[in-house]
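To keep things clear, I will list the structure first and then write my remarks on it.
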Amino acid sequence: MSANISDPSFLRGMTQRRFGRRDALRLSGLAGLGAALAACGVQGKGTPGASAAPDAVEKFWAGKALTKHVDFANWPLYMDPKKPELKKFTAETGISVNYQEVIQEMGPWFAKVQPQLAAGQSIGYDLMVITNSFQFSQFRDSGFLAPLDHSKLPNYTKNAAPAYAKEAFDPGNVYSVPWASGMTGIAYDKKKVGRTLTKLADLWDPAFKGKVGMFSDTQELGNFGLMALGIDPAKSTIDDWKKAADHLKKQKSDGIVRNYYDQSYVDALGKGEVWITQAWSGDIFQKNLSDGTEFEFFVPEEGGTIWTDNFTIPITAKAPLDAITLIDYFYKVDISATLAEYINYVAPVPAAQEQIRKDAAKLSGDDKTAMLAIADSKLVFPTDAEYSKLHYYVSFDTAEEQQNYQKTFEPIVLG
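For the sequence shown, the numbering used here assigns the number 400 to the last residue and increments by one with no breaks.
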């Protein structure tokens, strides 16, 4: 799944990777795009989600009324700054939206709002987009998420891929529905490596000694170590973690790894400090766009990873009915299409692809070419072949398991 600067779909929203994503991935028991992935052969399993009590939905939603205002917490760079979708929503419904890009990392976000939620107090937001990470389980299992009333989600029911109802981390979408998804793979400077790369094994190639970058995030690091050995991360055991850690330690002791990076890996690639590195797709295209570089990004044959961000309503929301109305609005085909046209992340509404083609037909010249490229982009509407290479992250059922995982891989980065 190699791409270059000539694909316009990579040069807009998809190029703008959100700061803090590395922490959002950490500790995640990711279920990716649910059965949309499973049906396409995505490897692995997810952590079973908890179901709400049979009468929980009725009890929560009984007596709820519109307030005509909703406070919405999201990640940075996840919507056109002009907020066209929110303006249309307000015009059509009369509900005003206070949209704030306040979520930078999942761990700190949970820590920030946990005391208020535990005390039954409002966190100041009626709607928040959170990653299906270890923290998602914490939110859910602590009773901090409102059960969704699907009778109030007609657009979701009609337009979302049916597979989403089988997401392993939240089966039946009891507490969440998807906002968007993205992928993790490998980036490299083809001019320096001298050939086309396609495998995870290339990160261990002695030919690139001292020129390989790996992530300092243990979830990402461990995931690639496992996949390099042919081990499905989501099905891995403690013994598998040790094998992967040994493989990664050898990579380090052999002098192949230049350093373990956070998002600064992009600069290291740009300066030539590394030639090949673990990468988040959007970073590379932003670099190509801003600096005129021609770095390549691909999902390895052995597997890549995928993460999903999800709409959720805090249990203490003051305007839950307004919030769920806004959630459902984003599942209108035309709205899902315009959002995908800007951010270029994987869209949860399949019909958005055809809508983007219709939008392109109204344009001409370069604008039409760019719009059609979005519709045809494998990073916005991945094919079965792309999905088949994507893996979930290691699942943790307990804090003890998570701690064991951290103890296994942290010494590689810190030692």
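We put the beta carbon where it would ideally sit given N, CA and C, even for glycine.
DSSP-derived helix/strand/coil call for residue i
{"i": "D56", "result": "strand"}
{"i": "D268", "result": "helix"}
{"i": "R342", "result": "helix"}
{"i": "T383", "result": "coil"}
{"i": "R125", "result": "helix"}
{"i": "I397", "result": "helix"}
{"i": "V142", "result": "Looking at the sequence shown, residue 142 is not Val but Thr. T142 falls in the helix class under three-state DSSP."}
{"i": "D65", "result": "coil"}
{"i": "L233", "result": "helix"}
{"i": "S321", "result": "helix"}
{"i": "K392", "result": "helix"}
{"i": "G157", "result": "helix"}
{"i": "T310", "result": "helix"}
{"i": "T222", "result": "coil"}
Assigned exposure category for residue i - 16 Cβ within 10 Å defines buried
{"i": "T169", "result": "buried"}
{"i": "Q263", "result": "buried"}
{"i": "L348", "result": "exposed"}
{"i": "T290", "result": "buried"}
{"i": "T323", "result": "buried"}
Through-space distance from residue j to residue i, alpha-carbon basis
{"i": "P367", "j": "V331", "result": "8 Å"}
{"i": "Q338", "j": "D224", "result": "43 Å"}
{"i": "Q236", "j": "W189", "result": "6 Å"}
{"i": "G400", "j": "M91", "result": "26 Å"}
{"i": "W226", "j": "N208", "result": "9 Å"}
{"i": "A186", "j": "K343", "result": "41 Å"}
{"i": "Q89", "j": "I115", "result": "10 Å"}
{"i": "G128", "j": "A104", "result": "12 Å"}
{"i": "T52", "j": "Y141", "result": "22 Å"}
{"i": "G179", "j": "D351", "result": "32 Å"}
{"i": "F193", "j": "K272", "result": "22 Å"}
{"i": "R243", "j": "L254", "result": "11 Å"}
{"i": "Q388", "j": "E395", "result": "10 Å"}
Cβ-Cβ distance between residue i and residue j below 8 Å
{"i": "V379", "j": "Y245", "result": "no"}
{"i": "A131", "j": "V87", "result": "no"}
{"i": "T310", "j": "Y160", "result": "no"}
{"i": "G257", "j": "K175", "result": "no"}
{"i": "L214", "j": "A230", "result": "no"}
{"i": "M199", "j": "G288", "result": "no"}
{"i": "D307", "j": "I80", "result": "yes"}
{"i": "K196", "j": "I269", "result": "no"}
{"i": "L111", "j": "P305", "result": "Per the sequence shown, residue 111 should be read as Asp rather than Leu. Yes, the pair counts as a contact, with Cβ atoms nearer than the cut-off."}
{"i": "N364", "j": "S266", "result": "The sequence given here places Leu at residue 364; Asn does not occur at that position. Yes; because the gap between Cβ atoms is below 8 Å, this pair is in contact."}
- Task: Determine contact between the stretch 379 to 388 and the stretch 211 to 229, defined as no fewer than three beta-carbon pairs at a distance below 8 Å.
- Result: yes
- Query: Contact between the stretch 115 to 129 and the stretch 286 to 302: three or more CB pairs below 8 Å?
  - Reply: yes
- Task: Count the CB pairs spanning the stretch 66 to 76 and the stretch 313 to 322 that are closer than 8 Å, and state whether there are at least three.
- Result: yes
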